[in-house]
Amino acid sequence: MMKGSFPFRCSLSHLSFSLSVSLSHVIMSSMAQGLYENGIFSTFVPGGEVPAGCFNKKSSGSSISFTVPSLPNLRIRGLNVCCVYALSNNQHVWWPPPLFTKVSNKTKGVKWIYGPGCFGIPEDHGKDMMWLSHWNFGNKLEGGDEVNVSIVVDVGFQVKECAFKLVYEQEQIIGRRTQDNNACSSWPYGIAGDSSIYKVGEGIYRYGYRSHRCR
């Protein structure tokens, strides 16, 4: 299990499932584990629906939009995203990785794209998989911003549901910090830190597996 902050309060069982490791093109059976890349923490577990009470809003489909609310004495710390997906047909292509999340800040004209270095594969048709991720955004999202979250899949997968939850931090806690902690200290290069090395276009940043197929 990788270290990192992952503020989900949902109960997840220790379940076994098939896991594709993108960098080595390997498919193996694994217990539920955590993946931390570029300030984004992910885990994949079997599951057929978005956990009740864990998210602000959900959508029956692959995309969801919202306006960031302005709340006094609170600052946005990050974004939790949930995606439920299943096998779509018998054409299974696991390389390049067929699973990405795109977060678009329409107000600021910025888009972040993340493809995990490994991902869960449903063991059979009729058995769904759930992707839970926490994005450490720091100060990149503010009250009033119009945001869209989209799950992009390729041949072999179909998205059934997606959901989001904004994670906040109290200002008095922020004020006690001795240094700017927008970026995770263990990974200074990420969404909340120095994103310049991940820039692939005007206002477009890509993290994790950097496939040209998702833009």
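According to mature numbering (1 follows the signal peptide of the UniProt record, and there is no 0), the stretch in the sequence shown is residues -32 to -1, 1 to 183, in order.
All C-beta atoms in this analysis are idealised placements derived from N, C-alpha and C, irrespective of residue type, glycine included.
This one's a predicted model, so the numbers in the text were calculated from it and none came from an experiment.
Tell me the DSSP secondary structure of Ile172 in three-state form. strand
Quick one, are the C-beta atoms of Val36 and Asp113 less than 7 Å apart? yes
CB-CB length for Ser30 against Trp99, believed under 8 Å: That pair is no contact at about 12 Å.
In chain order, what residues of the same chain lie with their CB nearer than 7 Å to the CB of Ser153, ignoring the 5 residues before and after it? Low local confidence applies: a pLDDT of 46 at Ser153 is under 50, so the model's placement there is unreliable, and no value is given.
Nearest-angstrom Cα distance between Tyr82 and Ile8? 8 Å
Can you give me the C-alpha to C-alpha distance between Thr75 and Asn57, rounded to a whole angstrom? 37 Å
Touching or not, the segment 11 to 25 and the segment 158 to 172, by the rule of three or more beta carbon pairs under 8 Å? Put simply, the segment 11 to 25 does not touch the segment 158 to 172. Fewer than three CB pairs are less than 8 Å apart.
Cys22, enclosing beta strand (DSSP E) - first and last residue: For Cys22, there is no enclosing beta strand (DSSP E), as DSSP gives it neither H nor E.
Beta-carbon separation of Tyr136 and Leu42 under 7 Å? yes
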